[in-house]
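The structure appears right after this line, and notes come after that.
Chains as they are written, first to last, in the UniProt record's numbering: chain A, 1 to 565; chain B, 1 to 583.
Okay, structure coming up:
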């Protein structure tokens with residue numbers, strides 16, 4: 001008879017007091033008595049119950065105590081936003097037409113001009129919607145007209161541009177003039193140029209359409225550039241950009257500062273010697289910069305600080321200025337301009353508090369090295385992309401005053417306001433500043449929506465690809481509120497309320513960044529595998545070996561018994 | 001020997017220096033030879049910024065980086081100290097600036113912060129420490145609640161705080177911090193002349209941190225004019241160092257001291273053991289010769305042009321007996337002023353030209369009297385074992401006529417738990433208790449440290465012994481630093497002398513040295529050992545019970561022949577042998 005199983009043999013050999021080889025040395029083999037059915041089942045039950053405790057109790061306890069909390073995130077929504085499937089930004093610009101002529105005439109003019117504009121426009125996401133302006137005196141009586149969207153108040157903050165039709169008798173007509181400090185286009189026309197009720201075309205209408213097209217060409221190019229960079233945008237919706245324009249916008253976008261609700265502007269006076277050691281910067285800022293910052297206040301807040309730093313030497317990595325006989329000037333090489341700001345020694349640390357710091361540097365060269373110019377262009381100022389600007393202030397030869405007056409600082413301040421506008425992403429055209437700022441609002445709103453969306457997409461990817469990082473609940477909350485604000489921003493854009501769209505896009509961006517840069521997610525606890533082995537093996541090894549071996553033997557025995565039968 | 005004696009009037013010098021501070025930037029270096037061939041160099045830089053310009057963030061002399069930190073943390077007055085070494089009061093006498101510009105070993109910071117509530121003040125304090133930590137490359141961010149106290153009597157504001165009602169004083173120390181060159185570089189960057197001109201051009205990390213004692217201080221306070229009421233922010237930076245002249249004169253390329261060849265050593269032939277191979281160096285009784293460039297390792301690069309050039313007093317002053325020979329070496333124009341019966345010589349520096357002061361080796365017949373400090377203080381840890389210990393502070397009043405009243409401040413870490421009932425203060429000359437007032441805030445584990453403040457009086461010519469016992473806490477495994485067996489630093493005690501009163505608002509301070517507290521340290525492989533041991537016990541128990549339950553026991557003669565490790569191995573070996581034997 002075959003032995004019941006191998007277990008019995010090995011146990012027997014370990015019995016105390018019995019020499020292990022005794023059984024083998026004796027030739028007379030006696031078989032153990034057949035095992036009772038009950039004892040076999042008892043043994044099996046014991047093994048099964050051990051396994052049951054290990055699997056049903058041990059594993060779940062281990063699993064739950066070592067699990068990492070991961071809040072549920074709306075991954076599909078997040079990916080959809082990142083791929084641009086949810087929101088297709090459109091920019092319906094409302095333009096009010098103020099005309100002294102009768103309502104019917106104006107309506108006809110608006111209709112014709114709208115046709116002309118629609119014919120000219122090949123960029124479907126950006127379209128101009130003309131509306132006859134409601135006369136101011138009728139504002140209270142015609143509420144229902146405003147509601148149905150066919151007319152518009154010209155002082156409405158969502159009106160992008162007001163076209164004022166002015167009838168004149170003299171001068172070439174039609175002609176147009178864009179006001180510099182208000183979003184108003186004055187169009188001068190003669191009475192004969194007004195379209196009649198039955199006319200299908202009018203020179204005035206096509207003139208206005210043409211004029212509007214030129215005014216908004218730059219904005220369309222910028223928006224097209226922003227949209228084109230976004231995945232999921234159909235090529236058809238985007239107006240085609242010429243390669244030159246695209247390259248220019250590319251350059252432009254690398255220069256521009258990342259959007260922030262607050263910017264710190266730092267104005268620094270650097271001098272290689274001890275003079276000048278004072279400057280009338282307070283008055284200069286008040287005169288030259290305060291108006292500009294005032295007009296930017298709808299987009300961001302600013303803090304301004306200034307400092308004077310003496311004994312500022314050049315970094316040893318750049319070439320010393322060389323004297324050029326022909327121009328009687330000291331020159332800096334163009335390739336050295338990037339190393340001009342000696343970051344190691346000049347105290348240009350970022351300001352404390354939220355938001356990036358923009359540095360503007362006035363460098364007054366030593367009298368022995370004055371005037372100091374850039375070799376290639378003979379210029380004395382340059383812009384450092386996303387960082388700030390530098391202006392070399394060459395004082396009249398021979399003078400080395402202890403303090404700089406407001407007149408000395410004027411050229412530097414003009415440079416800085418130009419640099420600030422271009423760092424800010426403000427285009428050079430059109431000439432109306434409010435119009436440029438409102439263009440910036442739309443571009444910023446669109447790019448913020450895209451950047452918040454792509455942050456969401458990145459977060460979704462991180463969530464899926466790194467299963468070991470914990471995700472706390474507030475990340476899920478931030479994601480929820482990002483999506484909410486993105487929806488609102490998108491809706492406001494569609495309705496042409498750009499200021500509110502920008503506000504919501506800004507909030508969405510802040511929330512998205514908060515979710516992505518959640519600290520408890522970044523600082524994940526790192527347990528190397530060796531560490532886990534070292535902790536688990538001393539307990540699990542000695543326990544698992546008998547468990548597994550017993551189960552295997554029992555299985556083997558059971559199979560053998562079955563075969564035998 | 002020194003035949004006559006001249007009186008040194010430090011206070012007069014300080015008064016003159018303060019009066020000259022009319023301009024917005026001012027700097028002063030005072031050099032004073034001390035006994036044992038050492039030299040005290042006290043650098044002082046003071047810059048002013050009007051309150052209006054400061055609030056508008058137009059920074060000129062006060063650096064922008066520090067100014068913005070102060071504004072951001074709503075700090076009205078700031079005192080920051082970096083110190084290394086010990087002031088040897090027995091030999092060197094009174095401390096520079098009466099100890100008011102000195103800190104305990106490591107880093108010490110205290111500030112008056114404007115806040116509505118204590119919580120807000122503490123939050124701003126954390127902002128301040130974190131920002132300063134970045135600015136000065138020091139671990140100031142480790143000043144947390146356990147290292148912060150709110151002193152009651154030991155400090156009072158130096159500035160004029162008329163329009164800031166809700167001020168909170170917070171004080172933190174880092175006795176373990178090692179002060180080094182990386183703290184000096186940002187310190188110099190805060191100066192308008194950046195260490196490139198003026199007396200700051202002498203400051204060099206190699207010499208400064210090689211000194212027997214050095215302390216760097218930054219003090220910012222608002223100052224209001226008495227007559228016009230105009231306020232300004234005054235920032236004072238000072239460096240005090242005691243250089244060992246012989247040590248400092250070692251050339252940088254050969255810094256290891258080596259004995260001179262035998263024939264160059266002058267031996268004291270009067271010694272009985274003097275022979276051709278033994279030599280006792282001859283004490284010539286002369287003052288060693290030195291020059292600025294030798295001692296500081298760098299030349300003095302003329303004057304910082306931002307200081308008021310019309311100022312009467314020069315910016316480098318030398319405090320020596322009048323007979324000491326001083327040669328001035330410069331190519332530029334300089335001025336010399338003599339003060340306090342010629343014991344103080346001040347030099348106005350040339351602009352743009354180096355200046356060097358050379359003092360040759362000279363046998364002196366006169367010396368200067370060094371004023372004694374009002375108190376001598378020393379503190380030590382007594383006791384043995386891993387559980388208990390006691391602290392003993394010995395404070396001596398050298399004056400034979402005046403009794404001294406002072407505040408004794410201790411800021412102890414939470415893991416050093418004093419028993420207040422064991423606090424004993426004993427004066428050698430009387431049985432009366434010297435303790436006038438006690439302020440005690442006990443520690444909470446891992447939340448705050450002990451804060452003990454005592455107001456004490458010592459009668460003339462007596463010694464006060466202050467003792468208390470403490471218990472050492474056992475820390476958690478993760479709370480030990482990497483070098484746990486070195487011990488834990490305990491911040492120096494601060495003594496502020498209340499009477500006799502100081503001449504100005506800065507006060508008179510004395511600090512003891514820091515203490516090294518050995519705590520019981522565990523074996524750091526312990527957790528793994530615990531895991532192994534418990535696992536082994538559990539596995540043993542489990543194995544036995546499991547085997548008893550699932551194995552079948554049979555008689556020894558009933559064991560089947562097949563199976564068993566030995567048989568299996570034998571069969572395997574036979575198989576291998578057969579395979580090898582075949583070819």
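Note that beta-carbon positions come from the ideal geometry of N, C-alpha and C, so glycine has one too.
Reference residue i, options the options, closest by Cα
{"i": "residue 97 of chain B", "options": "B/120, B/47, B/215", "result": "B/215"}
{"i": "residue 405 of chain B", "options": "B/385, B/507, B/365", "result": "B/507"}
{"i": "residue 489 of chain A", "options": "A/500, A/368, A/266, A/364", "result": "A/500"}
{"i": "residue 196 of chain B", "options": "A/247, A/261, A/180, A/274", "result": "A/274"}
{"i": "residue 446 of chain A", "options": "A/74, A/90, A/60, A/287", "result": "A/90"}
{"i": "residue 361 of chain B", "options": "B/29, B/291, B/472", "result": "B/291"}
{"i": "residue 74 of chain B", "options": "B/315, B/378, B/44, B/170", "result": "B/170"}
{"i": "residue 39 of chain A", "options": "B/153, B/338, B/553, B/108", "result": "B/553"}
{"i": "residue 270 of chain B", "options": "B/281, B/151, B/417, B/425", "result": "B/281"}
DSSP-derived helix/strand/coil call for residue i
{"i": "residue 590 of chain B", "result": "Limits of chain B in this structure are 1 at one end and 583 at the other, which puts residue 590 of chain B out of reach."}
{"i": "residue 44 of chain B", "result": "strand"}
{"i": "residue 441 of chain B", "result": "strand"}
{"i": "residue 382 of chain B", "result": "strand"}
{"i": "residue 281 of chain B", "result": "strand"}
{"i": "residue 318 of chain A", "result": "coil"}
{"i": "residue 236 of chain A", "result": "For residue 236 of chain A, the pLDDT reaches just 46, beneath the cut-off of 50, and the residue's location in the model is therefore unreliable, although a value from the coordinates is still provided. Note: residue 236 of chain A maps to helix in three-state DSSP."}
{"i": "residue 55 of chain A", "result": "helix"}
{"i": "residue 637 of chain A", "result": "What the structure shows of chain A is the stretch from 1 to 565, and residue 637 of chain A is not part of that stretch, so it cannot be assessed."}
{"i": "residue 387 of chain A", "result": "coil"}
{"i": "residue 127 of chain A", "result": "strand"}
Residue i beta carbon near the ligand ATP (any heavy atom closer than 7 Å)
{"i": "residue 326 of chain A", "result": "The ligand ATP is absent from the structure shown, which contains no ligand whatsoever."}
Within-8 Å CB hit, residue i to chain B
{"i": "residue 307 of chain A", "result": "yes"}
{"i": "residue 311 of chain A", "result": "yes"}
{"i": "residue 274 of chain A", "result": "yes"}
{"i": "residue 36 of chain A", "result": "no"}
{"i": "residue 352 of chain A", "result": "yes"}
{"i": "residue 98 of chain A", "result": "no"}
{"i": "residue 282 of chain A", "result": "yes"}
{"i": "residue 367 of chain A", "result": "no"}
Sheet register partners of residue i (DSSP bridge)
{"i": "residue 264 of chain A", "result": "A/303, A/357"}
{"i": "residue 327 of chain B", "result": "B/358"}
{"i": "residue 510 of chain B", "result": "B/495"}
{"i": "residue 391 of chain B", "result": "B/381, B/468"}
{"i": "residue 451 of chain A", "result": "Residue 451 of chain A is not bridged to any residue."}
{"i": "residue 149 of chain B", "result": "B/171"}
{"i": "residue 317 of chain B", "result": "B/30, B/346"}
{"i": "residue 469 of chain A", "result": "Per DSSP, none; premise fails for residue 469 of chain A."}
Residue i classed as buried or exposed, judged by whether at least 16 other C-beta atoms fall within 10 angstroms
{"i": "residue 82 of chain A", "result": "buried"}
{"i": "residue 308 of chain B", "result": "exposed"}
{"i": "residue 592 of chain B", "result": "Nothing about residue 592 of chain B can be read from this structure; chain B reaches only from 1 to 583."}
{"i": "residue 548 of chain A", "result": "exposed"}
{"i": "residue 63 of chain A", "result": "exposed"}
{"i": "residue 93 of chain B", "result": "buried"}
{"i": "residue 425 of chain A", "result": "buried"}
{"i": "residue 572 of chain B", "result": "exposed"}
{"i": "residue 254 of chain B", "result": "exposed"}
{"i": "residue 58 of chain B", "result": "buried"}
Chain C within 8 Å of residue i, Cβ atoms only
{"i": "residue 384 of chain B", "result": "Given the protein chain composition of this structure (A and B), no chain C is represented."}
Chain A contact for residue i (CB, 8 Å cutoff)
{"i": "residue 389 of chain B", "result": "no"}
{"i": "residue 22 of chain B", "result": "Bear in mind that a pLDDT of 46 at residue 22 of chain B, under 50, signals an unreliable position, so the number given afterwards is only what the model happens to contain. Chain A, which has no Cβ nearer than 8 Å to the Cβ of residue 22 of chain B, makes this no."}
{"i": "residue 554 of chain B", "result": "yes"}
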